[in-house]
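Single-structure report; data block below.
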Amino acid sequence: MTDHLFTLHGDVLAAMRRGPKPFAKLAFVLSEAEEPADTALAHFRDRIASAGAGDGLLALWNRTLTTWDLAEQADWSGSPARTDARRSDAYDRLGFGGGLRKALDAAVPVFKEPGPTVISKEFASWYSRDAAAARSFYWNSYEQLLRRKGWSDEAVAGLDEASHAVVERLSDPTRTEAYGARGLVVGYVQSGKTANFTGVTAKAIDAGYRLVIVLGGTLNLLRGQTQRRLDMELIGRENILRGADPADPDALVGIDYQDDEDWPAKFVSHGGRPSALGAFDIERLTTRGDDYKSLLNGIGALDIQKQDRTRPLHDPVNLHRAAARVMVVKKNKSVLDRLIKDLKRIGPILSEIPALIIDDESDQASVNTTDPKKWEDGKVARTAINSQISQLLGLLPRAQYVGYTATPFANVFVDPGDGEDIFPRDFLISLPRPTGYMGVQDFHDLESTDGTAEETHIRGIYEDTGDRLQEALDAFVLTGALKLYRADHGVPEGPFRHHTMLVHESVRMAEHAALALRINSMWHLAAYTSQQGHDRLAALLASDFHRFADDGLPTPRSYGELKGYVSRARQLINAGGTPVLVVNGDTERDYTQPDLDFDRTPHVWKILVGGTKLSRGFTVEGLTVTYYRRTTQQADTLMQMGRWFGFRPGYRDLVRLYIGREEPLGKSRTVDLYEAFEAICRDEETFRTQLTRYAALVDGKPQVTPAQIPPLVSQHLPWIRPSARNKMFNAELVEIRSPGQWVEPTAYPTRADELRHNADTWRPALEALGQDLSVFVTLSDDDRGSYTRYQAKTAVLSHAQLLGIMSGLAWGRPDLFAPHLEYLKDASDAGCATDDWTLMLPQTSGPTSVAASILGTQPVTLVQRKRNARGVFNRISGVSHRQSAERIAGLHPLSDDDPFASQLHKPRRGAVLLYPVIDPDLGDPAGLVADGSIDPAKVVLAAALIPAASSSAESVPYVRFRAIDSSRLGEATIEVP
């Protein structure tokens with residue numbers, strides 16, 4: 003039966019390519035006379051209000067409204083994307099009334115998760131939404147495939163926006179003068195960066211790019227993974243077959259994927275040869291099994307033919323009729339040498355080809371790591387891969403370079419003055435954390451001390467716990483059984499196809515072999531078929547997995563219900579006679595083991611033992627249990643080893659990380675690897691937050707360009723030792739203005755004399771505290787009436803008093819606080835806009851509370867905060883204390899339920915939370931107090947500040963740099979806003 007309402011709405015919305023228009027008028031024009039009821043909005047409202055999950059009309063409006071909600075640029079609305087105001091603007095233009103709006107909002111809530119953060123130079127607009135829609139053959143195919151794979155409308159619309167943001171910053175492929183943009187896209191480890199660059203590739207070739215070179219890792223395994231993904235989701239069956247009859251076995255000889263269990267069902271189909279459908283074909287110059295080789299089919303395979311030889315290839319007459327060429331190549335010297343040699347043979351047409359180079363894992367091998375001090379006569383010397391990428395960019399003047407990575411710091415430390423290098427001079431785009439992604443927030447309690455992430459997923463390995471390796475093996479068996487149980491009880495089994503455990507202890511291959519042998523022995527002695535083994539698994543189920551099971555997923559109530567699945571899990575893991583695979587080495591054979599092929603092998607249920615090669619770019623499918631004890635002092639190396647990050651649908655609650663908390667580093671030092679991960683993740687999140695803060699345009703112009711990003715990195719990651727590259731930037735961050743943002747220094751000194759000095763500096767403020775306690779109230783955000791209360795001693799300090807204190811303090815890292823201090827020095831409306839400050843010292847009175855006098859002042863409650871591996875505190879202020887401080891500063895509305903904060907509020911008043919902090923490494927607070935006092939050398943007086951909220955348009959976040967003349971070091975010669 004024809005759904006007339008769905009058909010009409012499809013036609014109406016198709017006429018709204020540029021944005022919402024009056025719906026009733028278009029519906030009247032486009033409706034059929036015999037179906038007049040279809041134009042009635044009341045009919046539409048009733049249909050939406052009663053629609054089920056599979057209703058096509060609801061899905062149509064979900065896609066449309068989400069697309070309008072997420073569009074970063076909408077000439078039909080002045081409201082920001084992802085807001086109720088933007089949705090309201092759409093309804094206004096559609097002419098929808100209150101009842102219909104309410105029904106649509108209930109069915110399709112506004113998607114308010116953050117979008118991509120863009121730091122960019124100004125660029126010439128050429129890729130409008132209309133232009134994208136006019137040529138969208140391959141993007142449309144990719145979008146439809148993603149929806150068939152189960153992507154939500156929000157996820158598809160988000161990918162559309164993020165990939166559009168990249169393509170619009172590339173050069174117009176039809177422009178007369180050649181220009182090669184350079185950009186960088188930053189994702190999260192194992193977060194779906196490939197989906198973004200597949201979308202970028204689809205949009206770019208639709209727009210006119212005719213040569214796409216994907217640099218796909220340093221191993222053929224990784225290159226092959228990327229090739230297969232592009233073939234499956236973008237290039238498609240028809241372009242792979244190139245006219246061969248899929249029913250004729252003889253015609254399929256030499257065509258790859260014939261042994262792939264996903265061929266052809268899961269490979270995108272365009273419904274025929276694209277060139278026969280009014281589009282253009284894609285010619286593959288590499289296959290899944292074959293990297294780029296000197297062209298067997300002659301140079302014509304790279305020589306793009308022109309329809310009109312009197313015009314250049316980039317002329318639209320030629321460009322949009324030419325087939326695109328796509329290749330996925332390793333970052334390997336001999337492979338790239340062959341490619342460069344063939345390109346040189348093509349001749350002058352190279353200067354006419356709009357090309358796109360996508361560099362996956364662009365901080366690996368691509369960056370020039372030669373020492374500038376060793377360059378002869380000042381001439382740049384390049385490492386092999388960097389030199390070859392530079393040659394490619396030189397041979398292809400219309401080539402656009404886009405790097406992709408989760409660890410961007412090496413890329414932004416590239417010398418921006420080297421025009422032949424890969425510094426992202428045109429744009430840097432930070433992708434948002436995808437929905438459903440398990441990242442640092444799921445393994446670390448970053449914002450509070452009472453979170454559950456660590457308790458749920460982390461199993462620490464300490465000296466007194468033993469190595470816990472047997473427990474980790476048991477957890478692997480048990481989680482495999484739980485996956486099988488869930489698959490039998492209605493949970494989609496697709497994500498359970500593979501089940502893996504990763505063991506990463508060392509970089510040495512000899513140790514990998516020994517460890518694999520040990521695990522193999524432990525496996526066979528584990529007695530998983532005996533009562534002893536079952537008792538051990540039953541105890542682990544009760545003590546661990548029952549406690550943290552997701553209530554929304556089926557979990558057996560007793561081990562007896564799981565016992566049969568344990569037997570099946572053990573069989574799958576032991577298939578082939580061994581549960582262990584060693585993955586290491588420098589040759590391809592180490593990575594082409596059949597049991598490690600996640601694409602062709604129906605079930606990979608194995609324990610993988612390896613080192614570095616199991617980290618960078620390698621996706622370990624089904625990873626559930628990780629055993630990690632390897633130390634490193636490189637932040638990007640450590641982050642790339644975080645293979646436990648990723649998507650874990652149906653088994654997030656089963657993920658466990660066994661990690662060393664007291665691992666030896668050097669001869670006399672131990673490190674906490676969990677804490678180290680937390681530290682670099684915090685720094686990376688801070689970097690992303692900084693980018694977000696300065697991404698907004700001011701007066702229509704960027705606040706920060708890519709060349710000004712590195713100081714943000716160097717400020718927060720000094721221990722990575724980026725100094726040699728950092729000096730190339732010739733820039734110094736001198737101020738961070740952050741109205742409405744907390745300023746919370748965490749790098750305090752450790753020397754006794756400096757701590758005493760700081761206590762003496764704060765003494766006038768401590769003496770100004772009142773004797774009476776104020777009671778502050780933190781209200782819940784869910785409007786349920788819940789709240790928490792805390793007491794605090796308070797005082798009001800003039801801005802001059804506080805500035806004098808902050809200026810006089812000693813710091814563990816003065817350079818981290820100096821840019822904030824510059825901001826605080828300006829109390830005008832353009833600065834921190836603050837005349838005075840409420841000083842708040844939260845107090846507790848429980849049985850474990852300890853108070854002490856500092857330098858003879860009245861007693862105050864001591865708090866404990868631990869320094870991390872870098873010697874700085876992760877956080878000072880308590881989350882529950884912030885709301886009242888923000889209310890005083892004008893960031894929260896006043897409330898009768900928080901009367902003391904309301905009384906203390908006044909315009910141009912900020913708030914300071916001050917804590918007398920004891921590092922647990924110095925001892926228990928009670929043991930440090932003598933006769934009611936504490937030695938100031940044992941106390942860190944740590945503060946968090948929130949300047950007054952300003953209604954002035956002058957008070958905006960921005961950074962200020964000074965450029966340094968290398969011939970006059972230390973002298974500010976140019977102020978760069």
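For the working numbering, add 2 to where a residue sits in the sequence shown, where the first one is 1. Backbone N, C-alpha and C define an ideal beta-carbon position, used for all residues, glycine too.
Check	Outcome
Three CB pairs or more closer than 8 Å across the region 459-470 and the region 512-526	no
Sub-8 Å separation of A183 and D428 beta-carbons	yes
DSSP bridge partner residues for A401 (one or two, in chain order)	A357
Endpoints, the alpha helix (DSSP H) within which V442 is located	442-445
Host alpha helix (DSSP H) of Q573 (start-end)	561-575
Spatial neighbours of T859 in its chain, beta-carbon cut-off 6 Å, leaving aside the 5 residues before and after	L768, E769
Contacting residues, own chain, Cβ-Cβ under 7 Å from V931 (five flanking each side not counted)	V852, A854
A903 and W744 closer than 8 Å at C-beta	no
Chain-order list of residues whose beta-carbon lies under 8 Å from that of K23 (same chain, five-residue window excluded)	A17, R95, L96
Candidates N198, T176, E179: closest to V168 by CA position	N198
Cβ contact check for the region 485-500 and the region 559-573: 3 or more pairs under 8 Å	yes
Between the CA atoms of D447 and D837 - distance to the nearest angstrom	35 Å
Length of the line joining the Cα atoms of R323 and P251	32 Å
Residue from R654, E623, T846 with nearest C-alpha to R645	E623
Inter-residue CB distance, L248 and P276 (contact presumed, cutoff 8 Å)	Before going further, note that residue 248 is Pro rather than Leu in the sequence given. With a Cβ gap of about 16 Å, P248 and P276 do not count as contacting.
Short Cβ contact (8 Å threshold) for E163 with P118	yes
Cβ shell of S432 (< 7 Å), same chain only, five flanking positions each side left out	P118, T119, V188, R690, L693
Beta-bridge pairing of W607 - partner residues as DSSP gives them	H501
Through-space distance from K381 to V874, alpha-carbon basis	40 Å
Pairwise C-alpha distance: L805 and I391	51 Å
Cut-off 7 Å between Cβ atoms - residues of its own chain near Y294, not counting five sequence neighbours on either side	L287, T288, M329, V331, V337, R340, L341
Endpoints, beta strand (DSSP E) assigned at K795	789-800
Beta-carbon proximity check, K333 vs A367, cutoff 8 Å	yes
DSSP state of M524 mapped onto helix, strand, coil	helix
Nearest candidate by alpha-carbon position, reference L31, set D13, S165, R19	The sequence given here places Val at residue 31; Leu does not occur at that position. That would be D13, whose Cα lies nearest to the Cα of V31.
Runs of beta strand (DSSP E) wholly within the region 72-133 (minimum 3 residues, chain order)	119-122
CB contact flag (V865, V919, <8 Å)	yes
Residues bridged to L430 (per DSSP)	I121, L186
N241 beta carbon less than 8 Å from that of I207	no
Contact the region 143-156 vs the region 61-74: 3+ CB pairs below 8 Å	yes
Beta-carbon spacing of T85, V110 below 8 Å	no
Three-way DSSP call (helix, strand, coil) for T458 in this model	helix
Segment limits, alpha helix (DSSP H) that includes I351	Element bounds for I351: n/a, residue is neither H nor E.
For L338, three-class secondary structure by DSSP	helix
CB-CB length for I609 against I521, believed under 8 Å	6 Å
Proximity of V582 and I360 at Cβ, strictly below 8 Å	no
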